[in-house]
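Numbering (my numbering), first residue to last: -3 to 64. A virtual CB, placed ideally from N, CA and C, is assigned to each residue, including glycine.
Take a look at the structure:
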């Protein structure tokens, strides 16, 4: 079984909230992040994370999205 570690939430990027947009992409509201329960961190298997430039852990999926 993989070791679980705390990592920055990939959905809210550590803010604890997400922006809700309309069909045109305009912000209409903010909501608590359901993935991390507004904590800004989630537990992920260590092999699905990387160490960022600040020394924290982030999801490799988020890194792949940023790099295209």
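On the three-pair Cβ rule with 8 Å, is the stretch 23 to 41 touching the stretch -2 to 13? The stretch 23 to 41 is in contact with the stretch -2 to 13.
Since I believe residue 52 is in contact with residue 4 (beta carbons under 8 Å), could you give me their beta-carbon distance rounded to a whole number of angstroms? With a beta-carbon spacing of about 6 Å, residue 4 and residue 52 fall inside the 8 Å limit used to define contacts.
Kindly indicate which three-state DSSP category residue 44 falls into: helix, strand or coil? Helix at residue 44.
Which of helix, strand or coil does DSSP assign to residue 63? Three-state result, residue 63: helix.
In whole angstroms, what is the alpha-carbon distance linking residue 34 and residue 14? For the pair residue 34 and residue 14, the Cα-to-Cα distance works out to about 9 Å.
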